[in-house]
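The structure appears below as structure tokens.
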């Protein structure tokens with residue numbers, strides 16, 4: 001039995017649908033019976049005849065063409081080629097056939113003045129000497145540098161320069177000592193509390209830097225500038241940096257024992273101390 005509501009199919013004789021619970025007693029209307037078609041026994045099916053279904057078309061009425069080309073609208077005769085927009089000249093003969101053009105140029109002429117009559121004078125510049133020539137060495141060797149002028153008695157200017165430089169360095173050292181007392185918070189009466197070795201080493205480096213800088217730059221410290229003398233290396237003038245360092249360190253070491261290391265300057269005929277001979281320098285008047 002099929003439920004008219006949910007179309008559930010059941011093979012038992014029940015009053016309600018097991019799927020949706022529909023009551024079959026409510027369906028009182030009888031089912032419609034499909035109509036039956038009566039078949040005539042005398043009717044025979046007509047056999048398939050393909051000749052009757054075929055209809056003659058237009059192509060059957062037109063006879064086939066014999067022999068000529070097909071004239072279809074899809075193909076057209078190619079138009080005539082158009083002339084190029086630029087006229088191309090015809091090709092010339094190959095290079096092997098062309099005639100060589102003989103271009104003759106007149107030789108270059110040099111106008112010779114009329115007063116030149118000696119032929120050897122004009123051709124001497126183009127003739128090579130068979131004997132080797134040696135250059136003149138006197139023209140190649142540079143001229144020696146002019147000797148450095150010396151002072152007959154340079155003790156006065158050198159002594160004056162030494163006093164001025166000692167005053168400048170003493171002022172710098174006192175300033176460093178006073179600033180160290182202020183930074184350390186020590187009074188002047190307690191200066192013995194300061195470390196002597198680090199302070200002395202710093203002052204020595206500061207004085208050496210003063211002497212090296214001025215000597216290597218111009219050969220003149222502040223005292224030598226005011227005294228009119230300068231330090232030179234040999235006869236070449238400017239003192240190299242390494243020699244300036246060596247001279248400055250030796251000068252300070254000679255001046256530490258109350259200046260006793262500088263006494264050879266007064267005894268030497270060239271007025272050169274131990275620091276000058278060690279660094280290869282000398283003191284001369286400034287140019």
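Residue numbers (full-length UniProt numbering): 1 to 287. Just so you know, even glycine gets a beta-carbon here, dropped at the ideal spot from N, CA and C.
- [ ] For residue 158, I'd like the list of residues in its chain whose CB is within less than 8 Å of its CB, leaving aside the five on either flank, ordered along the chain.
- [x] For the purposes of this step, residue 158 is taken as residue 158 along the chain shown, with counting starting at 1. If we look at residue 158 and ignore the five residues flanking it on each side, its Cβ neighbours are 227, 229, 265, 271 and 283.
Open item on the list: Quick check: what's the CA-CA separation for residue 250 versus residue 182?
Closed with: Walking along the chain shown from the start, residue 250 turns up at place 250. Walking along the chain shown from the start, residue 182 turns up at place 182. Residue 250 and residue 182: Cα-Cα distance of roughly 32 Å.
Task: Segment limits, alpha helix (DSSP H) that includes residue 203 - done: For the purposes of this step, residue 203 is identified with residue 203 of the chain shown, where counting begins at 1. From DSSP, the alpha helix (DSSP H) with residue 203 extends over 196 to 217.
TODO: Could you tell me the distance, in whole angstroms, from the CA atom of residue 206 to the CA atom of residue 172?
DONE: To locate residue 206, count along the chain shown from 1; it is residue 206. To locate residue 172, count along the chain shown from 1; it is residue 172. So the alpha carbons of these two residues sit roughly 9 Å apart.
Open item on the list: Distance check for residue 155 and residue 221, CA to CA, integer angstroms please.
Closed with: Translated into the one-based positions of the chain shown, residue 221 becomes position 221. Translated into the one-based positions of the chain shown, residue 155 becomes position 155. Distance from the CA of residue 221 to the CA of residue 155, rounded to the nearest whole angstrom, comes to 17 Å.
Open item on the list: Under DSSP, the alpha helix (DSSP H) around residue 277 begins and ends at which residues?
Closed with: Along the chain shown, one-based indexing puts residue 277 at 277. From DSSP, the alpha helix (DSSP H) with residue 277 extends over 274 to 279.
Task: Between the CA atoms of residue 247 and residue 235 - distance to the nearest angstrom - done: Residue 235 sits at position 235 when you count from the first residue of the chain shown. Residue 247 sits at position 247 when you count from the first residue of the chain shown. Cα-Cα distance, rounded: 17 Å.
Open item on the list: To the nearest angstrom, how far is the alpha carbon of residue 215 from that of residue 286?
Closed with: Counting from 1 along the chain shown, the entry for residue 215 is found at position 215. Counting from 1 along the chain shown, the entry for residue 286 is found at position 286. Approximately 13 Å between the Cα atoms of the pair.
TODO: Per DSSP, which residues does residue 229 bridge with? Please list them.
DONE: Walking along the chain shown from the start, residue 229 turns up at place 229. The partner list for residue 229 (beta bridge, DSSP) reads 285.
Open item on the list: Does residue 247 come out as helix, strand or coil in the three-state DSSP assignment?
Closed with: Position 247 of the chain shown, counting from 1, holds the residue named residue 247. In the structure shown, residue 247 sits in a helix (DSSP, three-state: H, G or I).
Open item on the list: For residue 262, which residues in the same chain have their Cβ closer than 7 Å to its Cβ, ignoring the five residues on either side in sequence?
Closed with: Numbered from 1 along the chain shown, position 262 holds the residue referred to as residue 262. So the qualifying residues of the chain are 254, 255 and 273.
- [ ] Whole angstroms is fine: what's the gap from residue 278's alpha carbon to residue 185's?
- [x] As a working note, residue 278 is residue 278 in the chain shown. As a working note, residue 185 is residue 185 in the chain shown. Cα-Cα distance, rounded: 43 Å.
- [ ] Could you have a look at residue 9 and say whether DSSP puts it in helix, strand or coil?
- [x] Position 9 of the chain shown holds residue 9. In the structure shown, residue 9 sits in a strand (DSSP, three-state: E or B).
Open item on the list: Less than 9 Å between the beta carbons of residue 7 and residue 18, yes or no?
Closed with: Position 7 of the chain shown, counting from 1, holds the residue named residue 7. Position 18 of the chain shown, counting from 1, holds the residue named residue 18. Not a contact, by the Cβ cut-off of 9 Å.
TODO: Measure the alpha-carbon distance for residue 195 versus residue 177 and round it to whole angstroms.
DONE: In the chain shown, counting from the first residue as 1, residue 195 sits at position 195. In the chain shown, counting from the first residue as 1, residue 177 sits at position 177. Spanning the two alpha carbons is a distance of roughly 11 Å.
Task: residue 167 to residue 208 span [Cα, whole Å] - done: What you label residue 167 is simply residue 167 of the chain shown in a count that begins at 1. What you label residue 208 is simply residue 208 of the chain shown in a count that begins at 1. Going from the Cα of residue 167 to the Cα of residue 208 covers about 15 Å.
Task: Which listed residue (20, 26, 5 and 1) has its alpha carbon closest to that of residue 14 - done: On the chain shown, position 14 is the one that residue 14 refers to. Comparing Cα-Cα distances from residue 14 to each of 20, 26, 5 and 1, the minimum goes to 1.
Open item on the list: Rounded to whole angstroms, what is the Cα-Cα separation between residue 224 and residue 188?
Closed with: In the chain shown, the residue the question calls residue 224 occupies position 224. In the chain shown, the residue the question calls residue 188 occupies position 188. Distance between the alpha carbons of residue 224 and residue 188 is about 34 Å.
Task: Of the listed residues 201, 244, 218 and 237, nearest to residue 276 (C-alpha basis) - done: The residue given as residue 276 occupies position 276 in the chain shown. The shortest C-alpha separation from residue 276 is found at 244.
Task: According to DSSP, residues forming a beta bridge with residue 235 - done: Within the chain shown, numbered from 1, the residue matching residue 235 stands at position 235. DSSP, once it has assigned bridges, lists no residue as partnering residue 235.
Open item on the list: Considering only the alpha carbon of each residue, which of 203, 212 and 163 lies closest to residue 179?
Closed with: Within the chain shown, numbered from 1, the residue matching residue 179 stands at position 179. Cα-wise, what sits closest to residue 179 is 203.
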